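Novice: Heads up, the sequence shown is in the working numbering, so the first residue is 5 and it goes up one at a time. In this text, a Cβ means the ideal position worked out from N, Cα and C, and glycines have one as well. Note that the structure is predicted; figures quoted are calculated from it, not measured.
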Amino acid sequence: KLAYLLYEKGHMLMSVFMLPNTAEAGTLPGKAVSYRGHEYLTRDRKSLRTVSWRDGRAVFSLVSLLDYDALLECADRLRAERARETRL
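Here it is, written out as structure tokens:
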């Protein structure tokens, strides 16, 4: 199972992937970074930047040509929105 969304930030596209946080998801590759108190993994691959994290029962990955600051800001907003919806 996989969910995929495509967003536009400014004039840049950003793909958002969401999959179940299961054993098959394995270890996420990348360099660990902290942003606003949350841990993320960053990775460069073929000029694309990726920011990934685990959130409860899901794994999220944002993929784009955007710089890491913009990707981390988007990840933080998505995480906050999911937390807000979970509380409702």
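Determine which residues share a DSSP beta bridge with Glu1 and list them.
Specialist: Not covered by the structure: residue 1. The range shown for the chain is 5 to 92.
Novice: In the DSSP output, what is Ser65 paired with across the bridge?
Specialist: In the sequence shown, counting from the first residue as 1, residue 65 sits at position 61. BP columns for Ser65 point to Phe21, Ser56.
Novice: Among Asn25, Trp57, Thr26, Leu82, whose alpha-carbon lies nearest the alpha-carbon of Ala36?
Specialist: As a first step, residue 36 is located in the sequence shown; it is residue number 32 there, counting from the start. Of the candidates Asn25, Trp57, Thr26, Leu82, the one whose C-alpha sits nearest the C-alpha of Ala36 is Trp57.
Novice: On the CB-based measure, 16 or more other CB atoms within 10 Å of its CB, does Thr54 come out buried or exposed?
Specialist: The residue given as residue 54 occupies position 50 in the sequence shown. Classification for Thr54: buried.
Novice: Tell me where the beta strand (DSSP E) around Leu10 begins and ends.
Specialist: Translated into the one-based positions of the sequence shown, residue 10 becomes position 6. Here the beta strand (DSSP E) through Leu10 covers 7-13.
Novice: Applying the 10 Å Cβ sphere with the 16-neighbour rule, what's the burial state of Ala84?
Specialist: As a first step, residue 84 is located in the sequence shown; it is residue number 80 there, counting from the start. Exposed, by the Cβ-count rule.
Novice: Could you check if Ala87 is buried or exposed, using at least 16 other CB atoms within 10 Å of its CB as the buried criterion?
Specialist: Counting from one through the sequence shown, the residue named residue 87 turns up at place 83. Ala87 is exposed by the Cβ-count criterion.
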